[in-house]
Ligand SMILES: [Mg+2]
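Residue numbers (the numbering used here): 23 to 285.
Written out as structure tokens, the structure reads:
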């Protein structure tokens, strides 16, 4: 979960800002948490505190109505609608918020089922649901060491039909003007960044250097990279300093829960 939040914060200043360059600073004054973190916290709050996914997402997004970069237009309408009915979205919002589910449920069947439910309240297009299921299941595989990072490419193609683009096709250093915001674009790209990475930081850097929807791509890559490598303490400290107290409270509750479960 912190892996996702770190990716979001590191990627946040490039989403609508200058294109990233190699060797960019990870944390600067221009960084902030964005909608990815708000929604990630909401999904964890739902599971940890027995709220429905819909209620928790509405509660947290209404509490933070204007994070850096804002919300996607359709999701913003969903947050402030009267009935919060799902709108057939295949946006990457379903995949960027799902990371805690990969940890809070043990069996992969439960992980996939909960990921589906967490997506379906707003992103009920089949691709929106698939993106969330896939990211949560990859986290589950990696943390249980069921499959290694090197197996992930083959397994996501087999189980989800995702063909990962080569890194050279998605690296767009210095190019501007593209924006990849669907699950079917973002999730395979994020998995490629994980598969080709050598450390947690390397995974985050690759995702940001792919440009486009930098915060969300880095959020999804970071979520999976945490399950693969763990997260360096100094990056945790820097990232948490950007978060308000109510978000830190959910994070503490999440890691306490994981620690109690794993022992
Ligand atoms: Mg964002």
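Every residue, glycine too, gets a C-beta built ideally from N, C-alpha and C.
- Taking a 10 Å sphere around the C-beta of residue 201, we find fewer than 16 other C-beta atoms and assign the residue as exposed.
- Distance from the C-beta of residue 238 to the nearest heavy atom of ligand 1 is below 7 Å.
- DSSP places residue 113 in the strand class (E or B) of the three-state scheme.
- Contact between residue 63 and residue 257 fails: their C-beta atoms lie close to 18 Å from each other, not under 8 Å.
- Residue pairing by DSSP places residue 90 opposite 56 in a beta bridge.
- Placement of the Cβ of residue 243 at a distance of 7 Å or more from every heavy atom of ligand 1 is found.
- Segment contact: the region 102 to 120 against the region 232 to 247, three or more CB-CB distances shorter than 8 Å; contact assigned.
- In the structure shown, residue 236 adopts helical secondary structure according to DSSP, grouped into three states.
- By the C-beta criterion, the region 177 to 193 is judged not to be in contact with the region 134 to 146, since fewer than 3 inter-stretch pairs fall below 8 Å.
- Rounded to the nearest angstrom, the gap between the Cα atoms of residue 78 and residue 67 is 7 Å.
- Rounded to the nearest whole angstrom, the C-alpha separation of residue 160 and residue 218 is 15 Å.
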